[in-house]
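What follows is one structure encoded as structure tokens, with my remarks underneath.
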């Protein structure tokens, strides 16, 4: 493309740029968008939450159906129960320790390829989800659009589970089980480190 | 060859001269009263999420139930909103989290109810949310035409979501619907927590 041709094309694009100019506003209210983004960023604000939620997805994928879809339903629901407790100001002791232990338990389950009955899996994941939800609920600040915050919060949690499920599906390849076991060990060790600092 | 860029520059200058007005306080959306209603519905997550959850639930309960809900929900929404618009000074303030929580859990659990029960849920949802819409529109001194936009948007969303659910027959797709329901229920639970704060 020659310089003159480039200039000609740029000149032809100018009318489009001119008519697509946005409206200038002096006092834009960013509250709604900010609340949604705050909700999205909350579950991904700490490695303890990220690793635990991804591990739920990985474990679900390793356990296959029906756990692969039951766990991503159980965790957000029970996490919302924890969030409700936190928002309502109900006391729950040992939250940070519970979060750290969730990483140890989930990482250990992945590393050791544990396959307990589904109700046991749901119970374990559900109990730990309460601690995660409580931590988020207790930390929320006033003045945000609660519904948009909640939508962002739940979507981000679900996406972390989906990421974990995607990761867990690597078990189908020859190298997959070894990699996932390594991931499990790493999550468990990280959980122990968090537990050490929380104790 | 040189004339065309010059022509473009002239057109660009004309476009710049016809710039849109700047609003300091966003007093109007500029799209008209009916589309104001459409935007109000689509940008109000409590209403849109509740309708989405109901559509998913109706779709899970089969085509015949879905058809009834698609037509009865907008009608009841219209009746509720007209009532709210007329009686706004005495309109109560109702929480919207119960509809998200109940419908979300029903979808997540894939509960099958008699057709009449699902239709009754749709009518109650339409009357309550429509009433709240009506009172809000009256308080904002909005045109009654806004209600038409809201009801049209309700019909559009419930039709599309219900049709999409009815036609999802693969197990993975049905699971996706249930996951969406669980997320809606979780949002309802969190909204309940916020109301208790």
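Chains as they are written, first to last, in the numbering used here: chain A, 1 to 199; chain B, 200 to 396. We put the beta carbon where it would ideally sit given N, CA and C, even for glycine.
Item to check | Counted within 10 angstroms of its Cβ, other Cβ atoms place residue 90 of chain A as buried (16 or more) or exposed | outcome: exposed
Checklist entry - Less than 7 Å between the CB of residue 232 of chain B and some heavy atom of the ligand ATP, yes or no? => result The ligand ATP is not among the ligands present in this structure, which contains no ligands whatsoever.
Item to check | Residue ranges of each alpha helix (DSSP H) within the region 250-334 of chain B, 4 or longer | outcome: 262-285 and 296-307
Next on the checklist: Rounded to the nearest angstrom, what separates residue 212 of chain B and residue 355 of chain B at their Cα positions?
Outcome noted: 40 Å
Checklist entry - Among the residues of its own chain, which have a CB less than 7 Å from the CB of residue 122 of chain A, if the five just before and after it don't count? => result 70 and 74
Checklist entry - What does residue 200 of chain A reach in chain B if we use C-beta pairs closer than 7 Å? => result Missing from the structure shown is residue 200 of chain A; chain A here goes from 1 to 199 and no further.
Item to check | residue 192 of chain A versus A:127, A:99, A:124 and A:54, residue with shortest Cα-Cα distance | outcome: A:99
Item to check | Burial state of residue 225 of chain B (16 or more Cβ within 10 Å) | outcome: Low confidence applies here, because residue 225 of chain B scores a pLDDT of 43, under 50, leaving its location unreliable and the question unanswered by this model.
Checklist entry - In chain order, what residues of the same chain lie with their CB nearer than 6 Å to the CB of residue 314 of chain B, ignoring the 5 residues before and after it? => result 264
Next on the checklist: Among the candidates B:385, B:248, B:369 and B:331, whose CA atom is the shortest distance from the CA of residue 154 of chain A?
Outcome noted: B:385
Next on the checklist: Restricting to runs no shorter than 4 residues, where is the alpha helix (DSSP H) found entirely within the region 164-198 of chain A?
Outcome noted: 176-198
Checklist entry - In chain B, what lies closer than 7 Å to residue 146 of chain A by C-beta? => result 390 and 393
Checklist entry - Can you tell me the Cα-Cα spacing of residue 338 of chain B and residue 286 of chain B, whole angstroms? => result Here the alpha carbons of residue 286 of chain B and residue 338 of chain B stand approximately 11 Å from one another.
Item to check | Close-in-space but distant-in-sequence residues of the same chain around residue 373 of chain B (CB under 7 Å, 5 per side omitted) | outcome: For residue 373 of chain B, where only same-chain residues beyond five positions count, the Cβ hits under 7 Å are 367.
Next on the checklist: Using beta carbons (cut-off 8 Å, strictly below), is residue 69 of chain A in contact with chain B?
Outcome noted: yes
Next on the checklist: If I measure Cβ to Cβ from residue 150 of chain A and keep anything under 7 Å in the same chain, skipping five residues before and after, which residues do I get?
Outcome noted: 39
Item to check | Cα-Cα separation between residue 210 of chain B and residue 336 of chain B, rounded to whole angstroms | outcome: 42 Å
Checklist entry - If you count every other CB in all the chains shown that lies within 10 Å of the CB of residue 387 of chain B, and 16 or more means buried, which is it? => result That one is buried.
Item to check | CB contact check: residue 378 of chain B to chain A, cutoff 8 Å | outcome: yes
Checklist entry - Is there a Cβ from chain B that is less than 8 Å from the Cβ of residue 37 of chain A? => result no
Checklist entry - Name the chain B residues whose beta carbon is nearer than 7 Å to that of residue 84 of chain A? => result 388, 389, 391 and 392
Item to check | Reduced DSSP category for residue 44 of chain A - H, G, I as helix; E, B as strand; rest coil | outcome: Three-state result, residue 44 of chain A: coil.
Checklist entry - By Cβ distance below 8 Å, which residues in the same chain neighbour residue 180 of chain A in space, the five residues on each side in sequence not counted? => result By the criterion of a C-beta distance shorter than 8 Å, residue 180 of chain A is surrounded in its chain by 58, 62, 110, 167, 168, 170 and 171, once the five residues flanking it on both sides are discounted.
Checklist entry - Quick one: what's got a C-beta closer than 7 Å to residue 146 of chain B's C-beta in the same chain, skipping five residues either side? => result Absent from the model: residue 146 of chain B. The displayed extent of chain B is 200 to 396, so no value can be given.
Checklist entry - In the structure shown, what three-state DSSP assignment does residue 373 of chain B receive? => result helix
Checklist entry - Apart from the five residues on each side of it in sequence, which residues of its chain come closer than 7 Å, Cβ to Cβ, to residue 35 of chain A? => result Here residue 35 of chain A has 144, 145, 148 and 149 as same chain residues with Cβ atoms under 7 Å from its own Cβ, once five neighbours each way along the sequence are excluded.
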